[in-house]
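Enquirer: First, the structure itself, so that you have it in front of you.
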């Protein structure tokens, strides 16, 4: 049917008739029809015949000038347009479907119905190397150096490359853009591959690497403290040398992190620089974007030829052969087929360094009391931040002791305060005055998600010593002291575990419960493991149609 309905002129004519006459049978002359459809009277008969052939209207012409004709709109404009769009979806032509939705200002309808249409019309005949993903967000900014949106992670990790990579399983670094590297005293030497190109065709050079790394010295960059150890960066032919002020055990972890990916500025769209990764941008619009396989990639290629992403209003329905984000989970959930769940980290209560030890201890006791009485049945409570622990929560307090130890007033960050509303109510019962504030720097209590990705060492270090919560959890002196301990340690994992224990023992952080995310996909999809930050590696996803 699409071939016949592809004319937007026909759809416009139906829209005009439907809006003026509705779907009731009527008798009308040619002059009126010409006015309604904004065409000449000579074209009325031809237009009406075309619409009748499409089975959109019933029309019986009269004879002679001024003779009345019989008309009934059989199918409303809304119904026909939805069928036209749906027909394109069935053929896999989502771009054309979206174009029709744009022309007739039906993008909202398109987003609302796309999950259902795909589920209804997919029949297992989709291309095994193309993925369509329905997502509940619009196109995120995808600059590796500024990336904070978790939704951007899925794209940035396949658009860009780092000098080296950290293998979480072996706890070792592996060459990548730098196919050789070594350390002498306080200088690291990286030999850059000579055969790597940015997605716009520009050859990657050591100068590009130097420029990308120097950009991290700006104070506005995320975790720029990771680069304060850098003294100088120099280039000698294919080698980039980085000299440090002091030996920093975290530095290589910083270089292997995706935020340190090498990029080439894109002056026309600064938020979307050029990368060298296994995928490059195809289409890029606010509500629809795609990634194409980089067949010239220097390392292991992705399996999918193309990945399409569409912003839809809701994504709570399985669609055949497709993948999309389902929901973030704080509460316990039942296992279901096709649902991939991964633990993101822990949701925790944070206590400002401005609170004294007595206040922190009392607040922590109230928190544990509330967790056991109100959240134990619905949430996966935990007693650790990063390191697994089976230590059970316990209660030993009475109200009179708490009233003496608690502060008279507490400033609570307003953002997400509903997550622990039972606790704030308990504070009021104990006579504590609560003030909600909008800025973290002014808060004495707040709730934070501590998420861990591909490099647990770097993430533990960041959350406990560099992040915005860390700045408010520790005094500047204490934070500097703990950072110094990490830099001098011979076993970085052990010292980070010690810092976590201090946070918990000193009641600077009270773990609440585990936080997870789940994705829904068809049974034929493989390689859909979700990492600790809640996104998948597109370069490892593939279809196994043997299972269908």
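In the working numbering, the protein residues as written are 57 to 604.
Glycine included, each C-beta is placed from N, C-alpha and C at the ideal position.
Among all the DSSP beta bridges, which residues are the ones paired with residue 534?
Expert: Beta-bridge pairing links residue 534 to no other residue.
Enquirer: Under 8 Å between the Cβ atoms of residue 83 and residue 124?
Expert: The answer is yes: Cβ separation under 8 Å.
Enquirer: Going along the chain, which unbroken runs of the alpha helix (DSSP H) with 4 or more residues stay wholly within the region 390 to 440?
Expert: With a minimum length of 4 residues, the continuous alpha helix (DSSP H) runs that stay inside the region 390 to 440 are 413 to 426.
Enquirer: By a C-beta neighbour count over all protein chains shown, 10 Å radius and 16 as the cutoff for buried, is residue 563 buried or exposed?
Expert: It is buried - the Cβ of residue 563 has at least 16 other Cβ atoms within 10 Å.
Enquirer: Between residue 165 and residue 138, which are expected to be in contact by the criterion C-beta below 8 Å, what is the C-beta distance as a whole number of angstroms?
Expert: Residue 165 to residue 138, Cβ: 7 Å. Contact.
Enquirer: Please identify the residue among 80, 299, 491 whose C-alpha is closest to the C-alpha of residue 502.
Expert: When each option's Cα is compared against that of residue 502, the closest is 491.
Enquirer: Determine the extent of the beta strand (DSSP E) in which residue 237 is found, giving its start and end residues.
Expert: Residue 237 -> beta strand (DSSP E) spans 234 to 240.
Enquirer: Taking residue 406 and residue 565 to be in contact with their CB atoms under 8 Å, please state how far apart those CB atoms are, rounded to whole angstroms.
Expert: With a Cβ gap of about 6 Å, residue 406 and residue 565 count as contacting.
Enquirer: Residue 505 and residue 35 - do their beta-carbons sit closer together than 8 Å?
Expert: Because the chain here runs from 57 to 604, residue 35 falls outside it and cannot be looked at.
Enquirer: Under DSSP, the alpha helix (DSSP H) around residue 480 begins and ends at which residues?
Expert: Note, residue 480: alpha helix (DSSP H), 477 to 485.
Enquirer: Short check: CB of residue 511 to CB of residue 309, under 8 Å?
Expert: Yes. Within cutoff.
Enquirer: What is the DSSP secondary structure of residue 209, counted as helix, strand or coil?
Expert: In this structure, residue 209 counts as helix in the three-state DSSP scheme.
Enquirer: Would you tell me roughly how many angstroms separate the C-alpha atoms of residue 211 and residue 487, rounded to the nearest one?
Expert: Distance between the alpha carbons of residue 211 and residue 487: 49 Å.
Enquirer: Is residue 314 helix, strand or coil when you go by DSSP?
Expert: Residue state, collapsed to three classes: helix.
Enquirer: Going straight from the alpha carbon of residue 131 to that of residue 312, what length do you get?
Expert: Taking the straight line joining both Cα atoms gives about 59 Å.
Enquirer: Rounded to whole angstroms, what's the CA-CA distance from residue 199 to residue 264? Just pull it up for me.
Expert: Residue 199 and residue 264: Cα-Cα distance of roughly 16 Å.
Enquirer: For the beta strand (DSSP E) holding residue 548, just list the boundary residues, first then last.
Expert: Looking at the DSSP string, residue 548 is not in any beta strand (DSSP E); the run it does join, the alpha helix (DSSP H), is 548 to 561.
Enquirer: Can you tell me which residues form a DSSP beta bridge with residue 186?
Expert: Residue 186 pairs with 362.
Enquirer: Which of the three DSSP states is assigned to residue 75 in this structure?
Expert: It is helical.
Enquirer: State the Cα-Cα distance for the pair residue 254 and residue 266, rounded to the nearest angstrom.
Expert: If you take the alpha carbons of residue 254 and residue 266, they lie about 15 Å apart.
Enquirer: What did DSSP end up calling residue 200 once you bin it into helix, strand or coil?
Expert: Helix, per DSSP.
Enquirer: Who are the Cβ neighbours of residue 243 in its own chain at under 6 Å, not counting the five residues just before and after it?
Expert: Around residue 243: 297, 299.
Enquirer: Quick one: what's residue 321 bridged to in DSSP?
Expert: Residue 321 is not bridged to any residue.
Enquirer: Compute the distance between the beta-carbons of residue 218 and residue 233, then report whether it is under 8 Å.
Expert: Yes, these two residues count as a Cβ contact at 8 Å.
Enquirer: Which class does residue 135 belong to by DSSP, given the choice of helix, strand or coil?
Expert: Helix, per DSSP.
Enquirer: Drop a sphere of 10 angstroms on the beta-carbon of residue 539, count the other beta-carbons inside from all chains shown, and report buried for 16 or more, exposed for fewer.
Expert: Counting Cβ neighbours within 10 Å, residue 539 comes out buried, since at least 16 surround it.
Enquirer: Grouping DSSP H, G and I as helix and E and B as strand, with all else coil, what is residue 570?
Expert: Residue 570: strand per DSSP, three-state reduction.
Enquirer: Out of curiosity, what's the CA-to-CA distance linking residue 464 and residue 344?
Expert: Those two C-alpha atoms are separated by around 52 Å.
Enquirer: Any idea which residues DSSP pairs residue 128 with across the strands?
Expert: In DSSP, residue 128 forms a bridge with 114.
Enquirer: Excluding five sequence neighbours on each side, which residues of the same chain lie with their C-beta closer than 7 Å to the C-beta of residue 555?
Expert: Correct list, in chain order: 520, 538.
Enquirer: Give me the residue from 536, 422, 271 with the minimum Cα distance to residue 461.
Expert: For the residues 536, 422, 271, the minimum Cα distance to residue 461 belongs to 422.
Enquirer: From the DSSP output, in three-state form, read off residue 495 for me.
Expert: In the structure shown, residue 495 sits in coil (DSSP, three-state: anything other than H, G, I, E or B).
Enquirer: Please determine if the region 476 to 485 and the region 274 to 289 are in contact, where contact requires at least 3 C-beta pairs separated by less than 8 Å.
Expert: The answer is no - the region 274 to 289 does not touch the region 476 to 485, with fewer than three Cβ pairs under 8 Å.
Enquirer: What does residue 290 pair with, by DSSP beta-bridge criteria?
Expert: Answer by DSSP bridge pairing, in chain order: 297.
Enquirer: If I follow the unbroken alpha helix (DSSP H) through residue 88, where does it start and stop?
Expert: Element bounds for residue 88: 86 to 93.
Enquirer: Identify the residues that DSSP records as bridge partners of residue 344: which are they?
Expert: Paired residue(s): 366.
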